[in-house]
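Asks: In my numbering, the protein residues as written are 191 to 528.
Note that CB positions come from ideal geometry on N, CA and C, so glycine has one too.
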Ligand SMILES: C[S@@+](CC[C@H](N)C(=O)[O-])C[C@H]1O[C@@H](n2cnc3c(N)ncnc32)[C@H](O)[C@@H]1O
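1) Apart from the five residues on each side of it in sequence, which residues of its chain come closer than 7 Å, Cβ to Cβ, to residue 300?
2) Can you check DSSP and say which residues form a bridge with residue 449?
3) Assign residue 304 to one of three DSSP states: helix, strand, or coil.
4) Kindly list the residues whose CB is nearer than 8 Å to the CB of residue 240, restricted to its own chain and excluding five residues on each side of it in sequence; keep chain order.
5) Check for me: the beta strand (DSSP E) holding residue 381 runs from which residue to which?
6) Using alpha carbons as the reference points, say which of 421, 406, 269 lies closest to residue 413.
7) Quick one: is residue 200 buried, meaning 16 or more other Cβ sit within 10 Å of its Cβ, or exposed?
8) Using a Cβ-Cβ cut-off of 6 Å (strictly less than) and excluding sequence neighbours within five positions of residue 289, which residues of its own chain qualify?
9) The beta strand (DSSP E) spanning residue 295 covers which residue range?
10) Of all the beta strand (DSSP E) runs that stay within the bounds of the region 331-358, which reach a length of 3 or more residues?
11) Name the DSSP beta bridge partners of residue 285, please?
12) Going by DSSP, what residue range makes up the alpha helix (DSSP H) through residue 490?
13) Please name the residue or residues paired with residue 311 in a DSSP beta bridge.
14) Can you give me the C-alpha to C-alpha distance between residue 196 and residue 287, rounded to a whole angstrom?
15) Ignore the nearest five residues each way along the sequence and tell me which others in residue 191's own chain have a CB closer than 6 Å to its CB.
16) Nearest to residue 472 by CA position, among 283, 457, 391, is which residue?
17) Name the DSSP bridge partner or partners of residue 247?
18) Quick one: give me the first and last residue of the alpha helix (DSSP H) that residue 265 is part of.
19) Figure out for me which residue from 285, 237, 281 has the closest Cα to the Cα of residue 264.
20) At which residues does the beta strand (DSSP E) containing residue 403 begin and terminate?
21) Among 476, 435, 440, which residue has its Cα nearest to the Cα of residue 460?
22) Around the C-beta of residue 530, are 16 or more other C-beta atoms found within 10 angstroms, so that it is buried, or is it exposed?
23) Does the Cβ of residue 250 have 16 or more other Cβ atoms within 10 Å, making it buried, or fewer, making it exposed?
24) Kindly confirm or deny that the region 354-368 and the region 389-403 touch, where touching means at least three C-beta pairs closer than 8 Å.
25) By the 10 Å Cβ neighbour count, where 16 or more other Cβ atoms means buried, how is residue 368 classified, buried or exposed?
26) Could you give the distance in angstroms between the alpha-carbon of residue 503 and the alpha-carbon of residue 255?
27) Looking at the unbroken alpha helix (DSSP H) that takes in residue 461, where does it start and where does it end?
28) Nearest CA to the CA of residue 497: which residue from 462, 194, 244, 202?
29) Could you check the C-alpha separation between residue 206 and residue 426 for me, to the nearest Å?
30) Given residue 328, which residues of its chain have a CB within under 7 Å of its CB, disregarding the five upstream and five downstream residues?
31) Express the C-alpha separation of residue 399 and residue 258 in angstroms, rounding to a whole number.
Pasting the structure below:
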C-alpha cells in the first residue's frame, strides 16, 4: 500500500511542476501538494507553508507505515523541510494526535511564508484547528489584489485577515477587517506587521451581523425580542468599493445564524447593502452540496429583493493545486459587479 501511496504523491507532484515554478517565481512558498480524493486518497492533504510541510488526515488516522511513506517521499523532494502531521478526523476536526517529542518545539515555532510577495505567519500547532491561511482562497486574494488599488475594502469573517493584508499590499485606500475572534484578529495584526504596508488597516472585533446592520444603515438594536444583546462596537453607516464575504459553513451567535446551505441571503443582503453602487461584492460558499447554479439563483433573487442589480458575474476558481474532478470545486467564489 505505501508504494501505491508514493506513486499517488509522485503523480500529484508531477502534475504541479509548472504551477510550482510559477508560484516560486511570483514569491509564493505556500501551496497544496496533495489534494485528497481527487488525487487518489480521500481525506488526505499535504501542504507546504514556507519551510514546513503539513500533512492532514480528515477521514481516519494515518497508519504509521503510511505516514512514514509520506515523510520519506517529501524529505527526498524537499530536503531540509520538516514534515508535521495533524490528525483531524475527530469531531469538529480538532487536531487529535500527539507529536513525537522531538517535534513539539518546532511545531510551536512562529514561522513565516510568502504568497504573491505578501508575508504571512504560520504555526503548525496553535490554539485553533485550521492553518492560519486557507490556501484554496489564494485565487480570491489574487483577484482582490488585481482589483483593489485606490479602493476601499470590507473584509467580512476576516479570520487572520489574509484578504485584507493582500489588499493593503496591492494599494487599497482603506481596509476594514471584521471578525469576532480576538485570537484570529491578533494573527491578522501580526501579518500586517510582517509587511511594509502603505496604509494602517482597521481590525474590528465584532459579530459580522452587528457590523453589517450598522454599516448598511439598518442599525443594530440593543435588545432583540426582549433579550439584551452582548456588547458590540458602534460603527457609522459606510459603504465600500469592494466587499469580500467568506463565511464559515455554519455558526450561531446571539446576533444571527450563519448557514451557507439554508440561508446565505441573511448575510448576502446586508453585505450587498454595504457595497457602493458600481462596486464589487466577492462572495464565497465552500459547501460542496450547494451547486453554482442554485447559489447564483439565490444571489440574484436576494439582490432583486434588496432593490439592487447584479450587472456582471465572474467565477473565480481555486488554482491548479486544488484540482477537482468535474471542474466543480467545493469552494465557489463569485465576483459580482453591483
Ligand atoms: C472559515 S474562517 C473565514 C476565512 C477567511 N475569510 C479567510 O480569508 O481566511 C471563519 C471565520 O469566521 C469567524 N466568524 C464566525 N461567525 C462569525 C460571526 N457571527 N461574526 C464574526 N465572525 C464570525 C470566525 O471567527 C472565523 O475567523
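Replies: The answer reads as follows:
1) 311, 313
2) 440
3) strand
4) 219, 220, 301, 302, 303, 304, 312
5) Element bounds for residue 381: not the beta strand (DSSP E) but the alpha helix (DSSP H), 372-383.
6) 421
7) exposed
8) 297
9) No beta strand (DSSP E) contains residue 295, which is instead part of the alpha helix (DSSP H) from 294-297.
10) 342-346
11) DSSP lists no partner for residue 285.
12) 482-495
13) 302
14) 22 Å
15) Annotation note: pLDDT 48 at residue 191 (below 50); position unreliable, coordinate value reported separately. Within the same chain, residue 191 has no close Cβ partners at all.
16) 457
17) 234, 277
18) 254-267
19) 237
20) Where residue 403 is concerned, there is no enclosing beta strand (DSSP E), although the alpha helix (DSSP H) it sits in stretches over 398-405.
21) 435
22) What is shown of the chain runs 191 to 528, which leaves residue 530 out entirely.
23) exposed
24) yes
25) buried
26) 47 Å
27) 455-463
28) 462
29) 46 Å
30) 305, 509
31) 46 Å
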